[in-house]
Amino acid sequence: MGCSSGVLEANGEFDPHGYVLNYLLAGSPAVVANLWDVTDKSIDTFTKNMLTTWGVFDHSRKSKSLVQAVTEARSHGKLTYLIGAAPVVYGIPVYIK
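Residue numbers for the sequence shown follow the numbering used here, beginning at -19 and rising by one.
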């Protein structure tokens, strides 16, 4: 989840391209990426909350999809409408078993 890692560059009539599409074409079912630059501390807080909500650290909880985890993690931390809106999910909803 690097800064601006989810930005797709338009090429006129041709398909857009970006780093996130390389992961999807390589077979990753989902990718979480940022649409603009964010501070390290704030995105670290977001990532910790996202992974906790997704169930990475506690497998006894009912698993939520990656999309649900990103949605819930947006409200944690400072500047929720600036930092919280930067991360997006490309791909399909992924669950942890």
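Beta carbons: idealized from backbone N, C-alpha and C, even for Gly.
Predicted model, so just to flag it, every value in this text is computed and none were measured.
Item, Value
"Does the Cβ-Cβ distance between V0 and V11 come in under 8 angstroms?", "yes"
"Can you tell which of K21, P73, V47 has the C-alpha that lies nearest to the C-alpha of K58?", "K21"
"A10 bridges to which residues according to DSSP?", "G71"
"Could you tell me the distance, in whole angstroms, from the CA atom of W16 to the CA atom of N(-9)?", "19 angstroms"
"Anyone know if the C-beta pair for F37 and L31 falls short of 8 angstroms?", "yes"
"Assign A49 to one of two classes, buried (16 or more other C-beta atoms within 10 Å of its C-beta) or exposed (fewer than that).", "buried"
"Name the DSSP bridge partner or partners of N(-9)?", "F(-6)"
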